[in-house]
Amino acid sequence: MRRCIAEETLKHQKELQSVGIGIQTLSIPGIVHSTFLRFRKVPTTRGEIVQSKFETHVLPQLKQTFFSKPITLTDVKLVCERIPYMHIPVDDHHVFDVYNLVASNT
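No gaps in the numbering here: position 82 of the sequence shown is 62 in the working numbering, and each next residue is one more.
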């Protein structure tokens, strides 16, 4: 995501400069944004039913609305969010494992 933002910013450098915005002001923090679903109380509906409804009703809308173009991921991190903040430091205390999705050239 950070790389995509940086690349898109460079593509629009002239436009940004024309309105007085220098790309040197771009700062992308080195944090992990966790994404998950929180419940106010323990759900009583079986997980299989929730998953099925999500795949039927929500996922198609997400794809159509937000993800009409492909997104390339390089890795997925298994994280532990100890406080509900969603900005997690990339360190051994918070990131339990990293699953690389891109083949290594070594």
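Built from N, CA and C at the ideal position, the CB exists for glycine as well.
Exercise for the section: Provide the residue(s) that pair with ASP55 in DSSP beta bridges, ordered along the chain. Expected result: In the sequence shown, the residue the question calls residue 55 occupies position 75. Answer is ASN80.
Practice task
Just the C-alpha distance for ALA83 and SER7, rounded to the nearest angstrom, thanks.
Solution key: The residue you call residue 83 lines up with position 103 of the sequence shown. The residue you call residue 7 lines up with position 27 of the sequence shown. For ALA83 and SER7, the distance between alpha carbons rounds to 29 Å.
Handout entry: 8 Å CB neighbourhood of THR(-11) in its chain, flanking five on each side removed
Key = Looking up residue -11 in the sequence shown gives position 9. Once the five neighbours on either side are set aside, the close Cβ partners of THR(-11) are LEU(-4), ILE3, LEU6.
Practice task
Flag LYS57 as yes when its Cβ comes closer than 8 Å to any non-hydrogen atom of the ligand FMN, and as no otherwise.
Solution key: Ligands are entirely absent from the displayed structure, and the ligand FMN is therefore not among its contents.
Exercise for the section: Assign ILE68 to one of two classes, buried (16 or more other C-beta atoms within 10 Å of its C-beta) or exposed (fewer than that). Expected result: The sequence position of residue 68 within the sequence shown is 88, counting from 1. ILE68 comes out buried.
Exercise for the section: Using the DSSP secondary-structure output, state which residues sit across from VAL(-1) in a beta bridge. Expected result: Residue mapping note: residue -1 aligns to position 19 of the sequence shown, counting from 1. DSSP lists no partner for VAL(-1).
Practice task
Give the secondary structure of VAL75 by DSSP, where H, G and I count as helix, E and B as strand, and everything else as coil.
Solution key: Here the question's residue 75 lines up with position 95 in the sequence shown. Three-state DSSP puts VAL75 in a strand.
Practice task
Indicate the three-state DSSP secondary structure (helix, strand or coil) for THR36 in the structure shown.
Solution key: Position 56 of the sequence shown, counting from 1, holds the residue named residue 36. THR36 falls in the helix class under three-state DSSP.
Problem - Between the CA atoms of LEU39 and SER48 - distance to the nearest angstrom - result: In the sequence shown, the residue the question calls residue 48 occupies position 68. In the sequence shown, the residue the question calls residue 39 occupies position 59. Each residue's Cα considered, the two are about 12 Å apart.
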